[in-house]
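So in the numbering used here, the last one in the sequence shown is 254, and the numbering has no gaps at all. Glycine included, C-beta positions come from ideal geometry on N, C-alpha and C. Read through the structure below, which is laid out as structure tokens, and then see the notes.
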Amino acid sequence: MLHKRAHDPMADEKRGDRILSHGMPICSAKLGIRGFCDVVEFTRSESGVSITGREGKWLPVPVEYKHGDGDAKEADELQLCAQAICLEGMLCCDIPEGYLYYAEVRRRTKVPLTPELRARVMAMFEEMHRLYARGYTPRVKKRPGCKSCSLREICLPELEKTRAASAYLSDILRQTEDTAT
Ligand code: SF4
74 MLHKRAHDPM ADEKRGDRIL SHGMPICSAK LGIRGFCDVV EFTRSESGVS ITGREGKWLP
134 VPVEYKHGDG DAKEADELQL CAQAICLEGM LCCDIPEGYL YYAEVRRRTK VPLTPELRAR
194 VMAMFEEMHR LYARGYTPRV KKRPGCKSCS LREICLPELE KTRAASAYLS DILRQTEDTA
254 T
């Protein structure tokens, strides 16, 4: 329900000098990715950017919704930083910080988008594209966060302990050859 609410594109809200845009599609040629932001919060500011259909200038800040108790995880910070890099490229602006909103404690944590964090995001996406080009899927390590991960049905971390399909096929072929000889 948390993500359904955050990803409803019809649910843009105006609250005084702020506009909350839900489920905004984003992309980055620099990172080679596309996706959606849970929420982008635009605050009215002279140093902001123009938005179609709105008067004035607005500063964008990504807000990522998470389950959990407010203890920021590195993966959450990397995701938020990637969203900010996408928004910076799309809107031609600088975004020095973003927010992680933790539902359990109903609290936001401010995340400074440091050069170190940005460099880590760049390096991880470069590695991802290298692996994709090689057609290699790295094995995952099941962790407590898997239970509430929205990618669980695709990632299938339970298969971590199963044998590789290639090993299974090799065994079958070997058995078939043994039987034939
Ligand atoms: S399900 Fe996969 S992507 Fe999600 S946290 Fe677990 S290992 Fe990571």
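Query: heavy atom of the ligand SF4 below 8 Å from G218 C-beta; Result: yes
Query: CA-to-CA distance, L204 to L246, given in whole angstroms; Result: 28 Å
Query: Neighbour-count burial assignment, A240, 16 or more Cβ in a 10 Å radius; Result: exposed
Query: Contact test: P230 Cβ vs the ligand SF4 heavy atom, cutoff 8 Å; Result: yes
Query: Span of the alpha helix (DSSP H) around G162; Result: 147-164
Query: Cβ-heavy atom distance, V213 to the ligand SF4, below 8 Å; Result: yes
Query: Check: L224 C-beta below 8 Å from any heavy atom of the ligand SF4; Result: yes
Query: C159 beta carbon less than 9 Å from that of R225; Result: no
Query: Reduced DSSP category for V178 - H, G, I as helix; E, B as strand; rest coil; Result: coil
Query: Proximity of P211 and P185 at Cβ, strictly below 9 Å; Result: no
Query: D142, DSSP secondary structure in three states; Result: coil
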